[in-house]
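Engineer:
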Amino acid sequence: MLEAFMLIQVDAGAGSKVRHEISSIQAVRIAHSVTGPYDLIARVNVEDMDTLGALLSDIQQVPGVLRTLTCIVKGLSRQA
32 MLEAFMLIQV DAGAGSKVRH EISSIQAVRI AHSVTGPYDL IARVNVEDMD TLGALLSDIQ
92 QVPGVLRTLT CIVKGLSRQA
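Residues 32 to 111 (the working numbering) are what the sequence shown spells out, left to right.
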């Protein structure tokens, strides 16, 4: 399983509509509106890199999405 955060820039005024549409995608666990250089942050879980690429393509096709940045979460192992 692969976890990632997607930072998403959208057209002015499109944040709520884009967030709603992205939230309906099964791999998207949660999507938040944020302030700063990006407008939305989505946490996603997928099986592998190929699936992540397909998901990214789907998100980039949502009307109003301008740019994305994907940050893959690297798991840390705990040692006793």
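Ideal Cβ positions, reconstructed from N, Cα and C, are used throughout, including at glycine.
#1: Using alpha carbons as the reference points, say which of Thr101, Arg50, Ile53, Ser47 lies closest to Met80.
#2: So the beta strand (DSSP E) Ala35 belongs to, where does it begin and stop?
#3: For a quick check, are the C-beta atoms of Val93 and Ile53 less than 8 Å apart?
#4: Measuring alpha carbon to alpha carbon, tell me which residue in Thr82, Ile90, Gly46, Glu34 is nearest Gly67.
#5: Expressed to the nearest angstrom, what Euclidean distance is found between the alpha-carbon atoms of Ile39 and Val77?
#6: When the distance is taken between beta carbons, is Val49 closer than 8 Å to Gly84?
Structural biologist: According to the structure shown:
#1: Working through the sequence shown from its first residue, we reach residue 80 at position 49. Cα-wise, what sits closest to Met80 is Thr101.
#2: Numbered from 1 along the sequence shown, position 4 holds the residue referred to as residue 35. Run containing Ala35: 33-41, per the beta strand (DSSP E) assignment.
#3: Along the sequence shown, read from residue 1 onward, the residue named residue 93 stands at position 62. Along the sequence shown, read from residue 1 onward, the residue named residue 53 stands at position 22. Cβ distance < 8 Å, so Val93 and Ile53 count as in contact.
#4: Position 36 of the sequence shown, counted from the start, is the residue given in the question as residue 67. Here the closest residue by C-alpha is Gly46.
#5: Stepping through the sequence shown from its first residue, residue 39 is reached at position 8. Stepping through the sequence shown from its first residue, residue 77 is reached at position 46. Spanning the two alpha carbons is a distance of roughly 18 Å.
#6: As a position in the sequence shown, residue 84 is number 53, starting the count at 1. As a position in the sequence shown, residue 49 is number 18, starting the count at 1. The answer is no: Cβ separation not under 8 Å.
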